[in-house]
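Structure (structure tokens):
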């Protein structure tokens, strides 16, 4: 399937909207069977990235099931992305680089930035009529984390 850059851009944005809505079942439907998800951050004190979260599709499903059992930040999270680069590979996949700003709005209406970083996505358009997310790596610049955040970025 030949997927346009605009279709890929819209697809990546739609995955963020699903997470914003906490529609985790539909988010997973957008993911390929071999989906992997990772959150990393670089610390100047360490010679290698810190891996904060790493799951395959099954691990994500289990994490989503546990979210209601955690004490969480009240309010909503909005993921604001800007797609910077889409590189279509010869095999029908695309590598997508996006900048991410995640904002939290509490029940009183106060908003604050909770995370800044990048998405490094792999979008698979090889065999489906719609693209599938086969990998998302979140590279964070933010290293100070709010307690009670139990949803993926």
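Numbering (the numbering used here), first residue to last: 906 to 1058. All C-beta atoms in this analysis are idealised placements derived from N, C-alpha and C, irrespective of residue type, glycine included.
Check                                                                                                                                                               : Outcome
Looking only at DSSP bridge pairs, what is residue 974 linked to?                                                                                                   : None, per the DSSP bridge assignment.
From the DSSP output, in three-state form, read off residue 1013 for me.                                                                                            : coil
So, at 8 angstroms on beta carbons, what are the nonlocal neighbours of residue 970 in its own chain, with the 5 sequence-adjacent residues on each side left out?  : none
Nearest by alpha-carbon distance to residue 1001: which of 938, 923, 1029, 959 is it?                                                                               : 1029
Based on Cα-Cα distance, which residue from 922, 941, 993 lies nearest to residue 986?                                                                              : 922
Classify residue 1000 as helix, strand or coil using the three-state DSSP reduction.                                                                                : strand
Pull up the distance between the alpha-carbon of residue 929 and that of residue 954, whole angstroms please.                                                       : 27 angstroms
Looking at the secondary structure, which residues open and close the alpha helix (DSSP H) in which residue 920 lies?                                               : 910 to 925
DSSP state of residue 1031, grouped into three classes?                                                                                                             : coil
Keeping to the same chain, check which residues put their C-beta closer than 8 angstroms to that of residue 994; ignore five residues upstream and five downstream. : 1000
Using the Cβ count rule (16 or more neighbours within 10 Å means buried), how would you classify residue 1057?                                                      : buried
For residue 984, which residues in the same chain have their Cβ closer than 7 angstroms to its Cβ, ignoring the five residues on either side in sequence?           : 921, 924, 925, 1005, 1007, 1058
Could you tell me whether any non-hydrogen atom of the ligand NAD is closer than 7 angstroms to the CB of residue 1021?                                             : The model on display carries no ligand, and the ligand NAD is accordingly not part of it.
So, is residue 1043 buried or exposed, given that buried needs 16 or more other C-beta atoms within 10 angstroms?                                                   : buried
Is the beta carbon of residue 943 closer than 8 angstroms to that of residue 958?                                                                                   : yes
If you drop the 5 nearest sequence neighbours on each side, which residues of the same chain put their C-beta closer than 8 angstroms to that of residue 980?       : 1009, 1010, 1011, 1012
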